[in-house]
Every structure is written in C-alpha cells, then in structure tokens.
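Notes for the one structure printed next.
In this note's numbering, the protein residues as written are 4 to 227.
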C-alpha cells in the first residue's frame, strides 16, 4: 500500500476521497484494461480515510450494476481505505448515466462522438457489411435476375414477395415503408459494382453454405 501511495495515480490506479462520480471511474477502467480505485485517498496521495460500512459496499455494487452493461467489481479493505478492483469489461464499450469514459494516462476522460464510433469499430460492434446505405435505390439499382439466380443455387423457394425475402435474408430492412439495403446486399445484388478479391481459408461448409459460396464466387468472377 505504501508503494502505491508513493507512486501515485496511474493508468491503472485512481485515488478518490468519496463516492462522487465513482461510476465514471468504474466505466473508464472497464473500458480500458481494468484497474483499482483507492477510496479514502486524496489526489495529494495522502490517506483521508473513509468509514467502510455494508451500505457503502452496497452503493458501490449498485453503481457498477447500473452501468450498461453491468461491470464486475471486487472490494477489499486496507484499514480505513476501500480498494475497488474493476475488472476489464468483456462487452465493451460500457457506459454510465453520464456517458462513455476511458482511461487516458492517469485520468478518466469522456469519449466524444468520434472516439465512441472508433471504440465500437475496434470492438467489432460495427461491421461494414451490416451498415445500411441510404443511397441505394431498390427500384433503380437492384438486380432481380441475380437474386432469382441466387435463390435457385441456394435451393430456396420463393414463397413470398422479394422485399420480404430480402429482409428475412438479412440484407435489407424496412424503414418507414422503404426498403433499405446493407452493404452485403448492395455488394452482391446491385446491377453494377466493383469487387475487391481476398484469398480466404474457410472451414468445412454445410451444403447450404457451399451453394451460397458458389453463387457469390461466380458473381465475383463474372465481374473480373
């Protein structure tokens, strides 16, 4: 403990005299690599002490549980200091009522819009193929012949109208009565496109997956 007090705050260490804004610190550590909050220590590295009660412990757990998603914390007493060990989040980014936070050096900083977007991308929460594109027009750009060919190769019966089937296949969605396509649907079902080819090593595929792969491979080759 003495060594921690001498070294002061860092990327993984935060000193707090009270519970004020404790949820921001918890979220910041969860969105980073985890860390420890020493409750009862001032910013000047001096021990102020805090009265540790079951109510205090409950308040801390409630703050952590009320974050989205909930954050795991472990509590440990060192005399009149309560150490809150924050476990790194497994479903980042986490947020509290005040927003998204992350550790930057020895400080917890609120993430602005651009950093939040980058955070979601880095955690794989935003994928290019799932993003919608409002500029794609179903009436003008959609290739019905290509879609019918895909259905035949995949062995899928056309039991409903085309827009409904596209929604069920996960390549489009309806917004205010309009059919909106994601990048997957646009890439393979528009009338003209530019294709970039990457070499992939794939595991064993089911018959359905093989048929779909044959269709998309053929589409790509016809564009070269």
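For glycine and all other residues, C-beta sits at the position ideal for the given N, C-alpha and C.
Of the residues 24, 45 and 87, the one placed nearest residue 55, counting alpha carbons only: The residue with the shortest Cα to Cα distance from residue 55 is 87.
Under the three-state DSSP convention, the category residue 59 falls into: The answer is helix: DSSP assigns residue 59 an H, G or I state.
C-alpha distance - residue 99 paired with residue 93, whole-angstrom precision: Between residue 99 and residue 93, the alpha-carbon positions lie close to 16 Å from each other.
Touching by the beta-carbon criterion (3+ pairs, under 8 Å), the stretch 107 to 123 and the stretch 56 to 71: No: fewer than three Cβ pairs fall under 8 Å.
Of the listed residues 148, 135, 9 and 124, nearest to residue 177 (C-alpha basis): Ranking 148, 135, 9 and 124 by CA distance to the CA of residue 177 puts 135 first.
Own chain, CB closer than 6 Å to residue 13, minus 5 neighbours either side, in chain order: If we look at residue 13 and ignore the five residues flanking it on each side, its Cβ neighbours are 109.
Cβ neighbour criterion (16 or more within 10 Å) applied to residue 169: Classification of residue 169: buried, given that the 10 Å Cβ count is 16 or more.
Expected contact under 8 Å - CB spacing of residue 192 and residue 161 to nearest Å: 15 Å between Cβ atoms; not a contact.
For residue 146, the nearest candidate out of 190, 52 and 22 (CA to CA): Minimum Cα-Cα distance from residue 146 among the listed residues 190, 52 and 22 corresponds to 190.
Residue 105, buried or exposed, once every other Cβ within 10 Å from all chains shown has been counted against 16: Within a 10 Å sphere around the beta-carbon of residue 105 sit 16 or more other beta-carbons, which makes this residue buried.
DSSP three-state assignment for residue 104, whether helix, strand or coil: Residue state, collapsed to three classes: strand.
Chain D within 8 Å of residue 28, Cβ atoms only: No chain D appears in the structure shown, which is made up of a single protein chain.
For residue 119, three-class secondary structure by DSSP: Assignment of residue 119 by DSSP, reduced to helix, strand and coil, places it in the helix class.
Same chain, Cβ closer than 7 Å to residue 46, five either side skipped, listed in chain order: Excluding positions up to five away in sequence, the list reads 18.
Bridge-paired residues (DSSP) for residue 175: Beta-bridge partners assigned by DSSP to residue 175: 184.
Backbone secondary structure at residue 162 - three-state DSSP: Note: residue 162 maps to coil in three-state DSSP.
Between the CA atoms of residue 107 and residue 15 - distance to the nearest angstrom: Spanning the two alpha carbons is a distance of roughly 10 Å.
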